[in-house]
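Sequences listed follow chains A and B, in order.
Start counting the first sequence at 87; every next residue gets the next number (my numbering).
Start counting the second sequence at 20; every next residue gets the next number (my numbering).
Here is the structure we will look at, set down as structure tokens.
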Amino acid sequence: MSDLEQFRQDTRAWLEENCPLSMREPIRGFEDMYNGGRNPEIDHPDQVIWCERMAERGWTVPHWPREYGGGGLSSEEVKVLQQEMKRIGARRALDSFGISMLGPALLEFGNEEQKKEHLPKICRGEIRWCQGYSEPNAGSDLASLATKAEDKGDHYVINGQKVWTSYADKADWIFCLVRTDNSGTKHEGISFVLFDMDQPGVTVKPIRLISGSSPFCETFFDNAIADKRNLVGEEGNGWSIAKYLLTHEREMISGFGSAPPKTVGQMAVETMGADTSGRLSNSVLRQTIAQYQLDTMAFGATMARVGDEAKAGQGLGPASSIFKYYGTELNKRRNELNLAVLGEPALGWEGEAYSDGRVSRDWLRSKGNSIEGGTSEVQLNIVAKRVLGLPDA
Amino acid sequence: MALVLNEEQNMLKDAAAGFLAEKATVAHQRALRDSGDAQGFDSAVWQEMAQMGWAGIAIDEEFGGLGYGYTGLGLVLEQMGRHLSASPLQSTVLIGATVIAQLATQAQKEQWLPSIAAGEQLVSLALQEGAHHAPWDVTLSAQKSGDTYLLNGSKRMVLDCSSASAFIVVARTAGATGDEAGLSAFIVAADTPGLVCEQRSLVDSRNVGVITLTDVAVDAQHLLGSEGEASQGLGRALDIANIGLSAELLGLSVEAFTRTVDYLKERKQFGRVIGSFQGLQHRAAELFAELELCRSLVLQSLQAIDSAADDLPMRASATKAKLCQIAQITTNEAIQMHGGIGMTDEHEIGFFIKRARVAQHTLGDYNYHLDRYALLGGF
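What follows is the structure in structure tokens.
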């Protein structure tokens, strides 16, 4: 038996033994995700047990090195673990910005002391992190941020305001972009610092949405203190870390870009969960997605066929007359599915966590596709008359 | 591989279209139906097809076939769909020979494939037991004693049931209903004692039936491949067969659509041809677009069989699901747009909807394949 096969058997046995039955239910929404922290929101006591058991093996973040609390697994082993978890419908034990955002940045830019200090607590779900990026006057133009960090020898004193800080009211620590120097261009003089939110200089005010929920906050710093040991990378080099993280974040969201690494169906399973057979938990949406993917595949084949026919000297066949109509209608369907699959985050209009409404703005923009350059109705008229030879009214 | 036909394929397609337009049209199909012909196809026409090599079109030259691959077979199937030509091409060439090619030992292939390629034998797959295609839901049992297996159970949707000289019977040698493992395939001669074939009459009036096996003794040498390990080869054969059926559905849908558009240009109401109404024009144009997509998908999938693409299972289900969906819409629209005349038996358009539904059902319909497509796609 290969090592990998042995690993699969061991993993299967361990999961069977250790994954509480309640943690084998599909995730229904954000409230089912466990985010850890000093004052964790616990929806079910088994969430804590499951997280502790997984963290003990480093499997809350299986691909991170063991020395920092991860599982030290190879990519093949991570895949096996995911397959085996999927097999029994096991939920991820821990979801957090620490895992998805700060961790990768620390592994790339942090020093050894910072990795040893912060990564294991992320893996164990002890500390919950939030991201301090956007400011009232620095949204899409993030680099014009003004929150000021003053050098006081062994620490910084921070003054200013962040906005659209996701879950700042629930987070313990913040990774924050601050301005340490005003003399150069706006991209220079930005630094990436970490500090505890539980101090007198930090005030958090949740922003109430029309839906009534408050995933975002305004975060105020009034002489907040950040220890210099928690400056990540060089002073003034924070922008390159921010860019690295933004790419990371966009990759996470971009399941919904033009060339997604994952299909809509796979994204839907990640956000909405699957049953034990691996089927998306909502069967109605599942059919809509499957039909969309099927049509996308067939449309792709048609574009390839028309291209090959043209190359073979057969000219542009009648199939090319459907491209505009079918392509734009497909794009609209895709954008509606983004909304259906992502739910609330897809309806976001502004704010870092929403990538300033990239999904919702793309969705609205797509409505124009079947209007500009000839409406779908005109395209159908053309096919009916020029290709099918049906007469004018 | 470019998504265009090569010269050899174009010639084959034209030859098939010409032959079928003369020998196996909807009118011929009607005559067979009205005469109560139990076989459901014309033996003389089938022999001519075999002489043209169609029976061995996708069979390797090593076993007496033409070696044109499944793209070639698909082109002929598409033309058969256009004319609603009935023949054993589906039961024996597309399905039977493919299952043998996927599962059999070299000696078994030498025994069966050349005679199939020559049009001498019809070999039909006996798989489905319930009301729906569910390939692992097999309860028909095969119990080994010495050098023979005793088969007990029954199968339905057995194509060309009353004409087949042998059946490939999928039986359970281990495990429980629904298990992928533990399935074995046997070639059983139609005249084996204990095997009873009962013809059924389906809406497309083709040859199909139920076979019942009661203590049928089959020599172990007629086990295809290894005991209990049929599912992988069978699965691949089913993928191929579903792409072939999709080719037939493509031809059928395109023809039903073409006839419908012609009718829209001819039928007058309110003082003008109904094809001038935008409500009908847009529905026709949408169907045209869908049929272009279907054509691309079928050709790409046929080529994927011949190039041994590794995504065949997902691709096969995608193709069959799409063709089932569009064949259904097209034939429904064909009846609706023909109006009252489309409801009469006298008009030929009704033959298309009848054949479409049986071909859709065969080896799994839209619902089965869309579900499988999604599952294979990770959701």
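Virtual Cβ for every residue (Gly too), placed ideally from N, Cα, C.
Report all residues from its chain with a CB closer than 8 Å to the CB of residue i; omit the five preceding and five following residues, and keep chain order.
{"i": "B/Met362", "result": "Ile354 and Gly369"}
{"i": "B/Leu22", "result": "Ser315, Leu318, Gln319 and Gln322"}
{"i": "A/Arg98", "result": "Glu170 and Arg173"}
{"i": "A/Asp181", "result": "Met119, Tyr120 and Asn121"}
{"i": "A/Ala360", "result": "Pro112, Lys172, Gly175, Leu366 and Ser367"}
Among residues of its own chain, excluding the 5 on either side of residue i, which ones have a beta-carbon nearer than 7 Å to its beta-carbon?
{"i": "B/Gly194", "result": "Ala200 and Gly201"}
{"i": "A/Ala354", "result": "Leu366, Leu371, Ile375 and Val427"}
{"i": "B/Gln66", "result": "Gly138"}
{"i": "B/Ser326", "result": "Met20"}
{"i": "A/Asn309", "result": "Val243, Asn245 and Gly287"}
{"i": "A/Glu438", "result": "Gln217, Tyr219, Ser220 and Trp250"}
Out of the options, which one is the CA nearest neighbour of residue i?
{"i": "A/Ile185", "options": "A/Gly275, A/Tyr219 and A/Trp145", "result": "A/Trp145"}
{"i": "B/Phe82", "options": "B/Gln130, B/Lys163 and B/Arg376", "result": "B/Gln130"}
{"i": "A/Leu270", "options": "A/Arg143, A/Trp325 and A/Trp150", "result": "The residue asked about is misnamed: residue 270 of chain A is Gly in this sequence, not Leu. Closest by alpha carbon: A/Trp325."}
{"i": "A/Asp381", "options": "B/Phe307, B/Lys341 and B/Glu246", "result": "B/Lys341"}
{"i": "A/Val279", "options": "A/Arg110, A/Ala432, A/Leu474 and A/Val318", "result": "A/Val318"}
{"i": "A/Pro404", "options": "B/Gln48, B/Glu309, B/Ala50 and B/Gly91", "result": "B/Glu309"}
{"i": "B/Gln58", "options": "B/Ser224, B/Glu41 and B/Glu267", "result": "B/Ser224"}
{"i": "B/Val188", "options": "B/Glu148, B/Ile135 and B/Glu97", "result": "B/Glu148"}
{"i": "A/Asn125", "options": "A/Ala224, A/Pro148, A/Asp89 and A/Asp258", "result": "A/Asp258"}
{"i": "B/Val237", "options": "B/Tyr87, B/Leu395, B/Arg175 and B/Thr167", "result": "B/Thr167"}
{"i": "A/Asp282", "options": "A/Pro301, A/Gly460 and A/Thr305", "result": "A/Thr305"}
How should residue i be labelled, buried or exposed, when 16 other C-beta atoms within 10 angstroms of its C-beta is the threshold for buried?
{"i": "B/Asp33", "result": "exposed"}
{"i": "B/His408", "result": "Chain B is shown only over 20 to 398; residue 408 of chain B falls outside these bounds and no answer can be derived."}
{"i": "B/His241", "result": "buried"}
{"i": "A/Val464", "result": "exposed"}
{"i": "A/Met383", "result": "buried"}
{"i": "A/Trp435", "result": "exposed"}
{"i": "B/Gln109", "result": "buried"}
{"i": "B/Thr196", "result": "exposed"}
{"i": "A/Ile327", "result": "buried"}
{"i": "A/Leu402", "result": "exposed"}
{"i": "B/Arg255", "result": "buried"}
{"i": "B/His357", "result": "buried"}
{"i": "A/Thr362", "result": "exposed"}
Excluding the 5 residues flanking residue i on each side, which residues of the same chain have their C-beta closer than 6 Å to its C-beta?
{"i": "A/Arg372", "result": "Leu366"}
{"i": "B/Thr231", "result": "Ser173 and Val215"}
{"i": "B/Thr350", "result": "Ala275, Phe371, Ile372 and Ala375"}
{"i": "B/Leu159", "result": "Gly172 and Ala190"}
{"i": "B/Gly294", "result": "Leu283 and Lys284"}
{"i": "B/Thr277", "result": "none"}
For residue i and residue j, I'd like the C-alpha separation in whole angstroms.
{"i": "B/Glu217", "j": "B/Val229", "result": "5 Å"}
{"i": "B/Phe296", "j": "A/Asn421", "result": "32 Å"}
{"i": "A/Asn104", "j": "A/Asp129", "result": "19 Å"}
{"i": "A/Cys262", "j": "A/Lys272", "result": "16 Å"}
{"i": "B/Val157", "j": "B/His380", "result": "18 Å"}
{"i": "B/Ala123", "j": "B/Ala145", "result": "16 Å"}
{"i": "B/Val292", "j": "B/Ile345", "result": "26 Å"}
{"i": "A/Ala426", "j": "A/Ile457", "result": "23 Å"}
{"i": "A/Ala179", "j": "A/Asp442", "result": "29 Å"}
{"i": "A/Ile260", "j": "A/Trp150", "result": "21 Å"}
{"i": "A/Pro112", "j": "B/Thr117", "result": "40 Å"}
{"i": "B/Ala208", "j": "B/Gly138", "result": "16 Å"}
{"i": "B/Gly244", "j": "B/Ser181", "result": "26 Å"}
{"i": "A/Arg447", "j": "A/Leu474", "result": "37 Å"}
{"i": "A/Lys202", "j": "A/Tyr154", "result": "6 Å"}
{"i": "A/Asp132", "j": "A/Pro222", "result": "40 Å"}
{"i": "A/Arg214", "j": "A/Met187", "result": "12 Å"}
{"i": "B/Gln125", "j": "A/Met358", "result": "49 Å"}
{"i": "A/Glu198", "j": "A/Ala224", "result": "32 Å"}
{"i": "A/Ser230", "j": "A/Cys303", "result": "20 Å"}
{"i": "A/Arg139", "j": "B/Leu389", "result": "38 Å"}
{"i": "B/Leu92", "j": "A/Leu450", "result": "46 Å"}
{"i": "B/Ser250", "j": "A/Gly218", "result": "55 Å"}
{"i": "A/Lys256", "j": "A/Val134", "result": "17 Å"}
{"i": "B/Ala153", "j": "B/Gln70", "result": "35 Å"}
{"i": "B/Ile262", "j": "B/Pro332", "result": "10 Å"}
What distance in whole Å lies between the Cβ atoms of residue j and residue i, which are believed to be in contact at a cut-off of 8 Å?
{"i": "B/Ile114", "j": "B/Ala304", "result": "Wrong, their Cβ atoms sit about 35 Å apart, outside the cutoff."}
{"i": "A/Cys209", "j": "A/Gly156", "result": "6 Å"}
{"i": "B/Glu97", "j": "B/Glu352", "result": "The Cβ separation is near 20 Å, so there is no contact."}
Can a CB atom of chain C be found closer than 8 Å to the CB of residue i?
{"i": "B/Tyr392", "result": "Note that chain C does not occur in the displayed structure, where the protein chains are A and B."}
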